[in-house]
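**Student:** Numbering (our numbering), first residue to last: 45 to 379.
I'd like to ask you about the structure that follows.
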Ligand code: KG4
Ligand code: ZN
């Protein structure tokens, strides 16, 4: 059967629609709101909802044009209904429901983080057991999959997400938003000459970033108060090493314990050049038989191509021909 999926993603600050026909990606449109939120130093939820509303039809028309198809060719609409910002999610869900109702197309509500994990399936077929390290603005977790769509969270952050700490530290250093890519570039020029704590190097698979974040902010404030000179690049480099060390250590431990065949990196922080290099080197050294997939930069941060990829693995029993579902800002990945 001809399967043509249209996927919609509006969980945070990107309005994204992609179209995939029989596993071939025909369109991938992402309208980023970064320029509008930059001025405020972070995402303003109310503004994000309004911008999604302004842009969603433009993004939709662009995606149809890019794919060179019409709405009557679409056989499934996949929509992210959580987790994320409540108002932002609502815009995508209401748009998806209207589109589905008018054109009599089934709907499939899906999980945003599952989408990030399936970004890597656009590149390489999954080989189970698979371990995903999810690192984004709202999540830091290790997820085990023994088969498609079977998500088990091994551990997660007990407080802040890693991306959030990159963004906050960049703000304190006056570097702009989003902080991740800026700190990434700056860290490569700096020295590891500040002794920041390496968080939660225990036996669990959990993470913690609030203590490290506070330690870095306190250090910067102290240096400023004492009028001591410092290089932002050195702060960035030292912070980054402390932030990424537990990710690598716990990934290696999980690979061993669960006899993993395939490792994938997922989420916005998967774009980080230091993390990409260090985690690949560490896995190749300790477990050369484990396949490692790093999503390319274009599908690390939020997009709808990853949602098409995820949706393609659901069978028709999961499709909805009703509109009795809502958004869930705190939606869980494992049931
Ligand atoms: O997945 P994503 O687009 O949105 C969420 O689902 O949260 O991730 C956004 C996060 C932001 O915190 C951003 O600073 C971070 O990903 N990020 C990076 C890099 N590129 C984006 N963090 C570190 N290094 C990067 N190169
Ligand atoms: Zn995301």
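Yeah, the Cβ is synthetic: ideal placement off N, Cα and C, and Gly gets one too.
1) What residue from 340, 148, 240, 139 has the CA that sits closest to residue 312's CA?
2) Cα separation between residue 277 and residue 361?
3) In the DSSP assignment, find the beta strand (DSSP E) that holds residue 72 and state where it starts and stops.
4) Where the beta carbon is closer than 5 Å to any heavy atom of the ligand ZN, which residues qualify, in chain order?
5) Report the residue ranges of all beta strand (DSSP E) runs contained in full by the segment 118-169; include only those spanning at least 3 residues, in chain order.
6) Closer than 6 Å to a non-hydrogen atom of the ligand KG4 - does that hold for the CB of residue 340?
7) Using the rule of at least 16 other Cβ atoms within 10 Å of the residue's Cβ for burial, across every protein chain shown, is residue 231 buried or exposed?
8) On the three-state DSSP scale, how would you describe residue 311?
9) What is the rounded straight-line gap between the Cα of residue 328 and the Cα of residue 334?
10) Please determine, among 205, 336, 366, 375, the residue with the shortest C-alpha to C-alpha distance to residue 143.
11) Compute the distance between the beta-carbons of residue 344 and residue 315, then report whether it is under 7 Å.
12) Three-state secondary structure (DSSP) at residue 216?
13) What residue range is occupied by the uninterrupted beta strand (DSSP E) comprising residue 175?
14) I'd like the ranges of any alpha helix (DSSP H) spanning at least 4 consecutive residues and lying wholly in the segment 199-249.
15) For a quick check, are the C-beta atoms of residue 283 and residue 264 less than 7 Å apart?
16) So, helix, strand or coil for residue 377, using DSSP?
17) Are residue 159 and residue 351 close, meaning C-beta to C-beta below 7 Å?
18) Quick check: is any heavy atom of the ligand KG4 less than 6 Å from the C-beta of residue 204?
**Tutor:** The relevant details are as follows:
1) 340
2) 52 Å
3) 68-76
4) 180, 346
5) 120-126, 151-155
6) no
7) buried
8) coil
9) 7 Å
10) 366
11) yes
12) helix
13) 174-179
14) 206-216, 223-231
15) no
16) coil
17) yes
18) no
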